[in-house]
Amino acid sequence: MMNDRPADRRKPLKHRVKIALRGTVANVSYYSGFSRMLARRSRQPRLTILAMHNVESPPSTDFLPPDMKTPAALFDRLVAILTKTFPTFTVDGGVRALRDGKLAGAAVAISLDDGYKDNLKAGLPILQKHGAKGTVYVEAGAVGERKLSWTHCYFWVLHHKGFEFFIEHYKTLSKDAAAIAQLEAEACAGGDLRYHLKRILKYKADINDRDATCEAVMRQAGGDPPAVAAQIYLSPDEVRELDRAGIEIGGHTISHPILARCADSDVEREIGDGRRRLESWLGHPITTFAYPWGRKWDYDDRAVGALAREGFVAGCSMDPGTNHPKSDTLQLRRYAVDSGVSIPDLVAEASGTFDFVRKYLKLPV
Ligand SMILES: [Zn+2]
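Take a look at the structure:
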């Protein structure tokens, strides 16, 4: 599931200038051929891990927000360009190569989070067509028990019934008075309501009350959470099919919680039992993991420690950027990709062009 952006509603001027400069550098370096030349010639080891969710837009995922979707045609173009420009790895293979000094330059790993059915139906044929490697991070409860997370219930209700329906029914069904008051205040404040209400539910609401209430509101709206989960998530058989096709399957917990808000025992259970459930389906070890939501404030040292105790080779965050030989392999950075991705920006990041420009041209990109 996609990370959230900070709560500020307007980005400061300095930040907007940096984004504009970065875009210009990305485009000039891409269309002049510089970033692709640098990718081929640089001997600085670096691993850029892409993070995506849905790979096409079947009607069953209409209710999910655009920042979770990379249309199949765009994914095809992206993978074609990446495989022509960089060696591709699974996260496990890329991290081992980076850690063991076996990367001779810039490399890319493609990861897909949560375990959506379209990863198999649309994503796998595209990866195979271009000879690309890939990793799918699987939410074990959604796949194994058809348990739909509160976020998906929330998105489903917004899509089918709108904000007013959601807030009215949430008020009736929830016992969390503080969260209700904040939701109502946000609804009056305007802006991107889908994002602002989700932020309250994610970081402020009581976890158990929120989970039960979102599911109940979806049922009141005529939705069937297990049926929707079965429509959009892989089945264990389909996870096996991806595994047999050479796609790495990685851990992504059981219920996709914000690990920083979980009790100690739940952090261990979500990470360890989630892993063992995948291993029971596949019959071999799971070696890499992606933190749900993934920003620095969404997981903490307890989660990183649990990964270390479990013996994971790698843990992926959603902090943007590229990984180097000295990067913390249990808190790797990733580059988020959705339908609005700029391929020149991605190639500039993965090739080291932005680092080059910062170092030699002293520009703040
Ligand atoms: Zn996720």
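For the sequence shown, my numbering assigns the number -8 to the initial residue and increments by one for each residue that follows.
Positions of the beta carbon are idealized from the N, C-alpha and C atoms, including for glycine.
Which of helix, strand or coil does DSSP assign to Y224? Here Y224 carries a strand assignment [DSSP, helix/strand/coil].
Hey, V82 and E301: beta-carbon distance below 8 Å or not? Contact flag unset, no.
Does M(-7) come out as helix, strand or coil in the three-state DSSP assignment? Unreliable placement is indicated for M(-7), whose pLDDT of 49 sits below 50; the coordinate value is still reported in the next sentence. In this structure, M(-7) counts as coil in the three-state DSSP scheme.
Which partner residues does N314 have in the DSSP bridge list? L38.
Please tell me whether D91 and Y128 are closer than 8 Å, where the distance is taken between their beta carbons. Going by beta carbons, D91 and Y128 fall outside the 8 Å limit.
Return yes when the Cβ of S226 is within less than 8 Å of the Cβ of V134, no when it is not. Contact: yes.
Using the three-state DSSP reduction, which class does I249 fall into: helix, strand or coil? Note: I249 maps to coil in three-state DSSP.
So, is A88 buried or exposed, given that buried needs 16 or more other C-beta atoms within 10 angstroms? With 16 or more Cβ atoms within 10 Å of its Cβ, A88 is classed as buried.
Quick one: is W272 buried, meaning 16 or more other Cβ sit within 10 Å of its Cβ, or exposed? Residue environment: W272 is assigned as buried (16 or more neighbouring CB atoms within 10 Å of its CB, all protein chains considered).
How about H151 and A212: do their beta carbons lie closer than 8 Å? Their beta carbons are under 8 Å apart, which means H151 touches A212 by this criterion.
Please report how far the alpha carbon of P316 lies from the alpha carbon of I40, in whole angstroms. The C-alpha of I40 is placed about 14 Å away from the C-alpha of P316.
Going by beta-carbon coordinates alone, are S48 and P62 separated by less than 8 Å? Yes, Cβ-Cβ distance for S48 and P62 is below 8 Å.
Span separating the alpha-carbon of L354 from that of L4: Going from the Cα of L354 to the Cα of L4 covers about 16 Å.
Can you grab the Cα-Cα spacing for the pair K108 / Y351, in whole Å? K108 and Y351: Cα-Cα distance of roughly 45 Å.
Identify whether F157 lies in helix, strand or coil by the three-state DSSP scheme. F157 carries a helical assignment under DSSP once its states are collapsed to helix, strand and coil.
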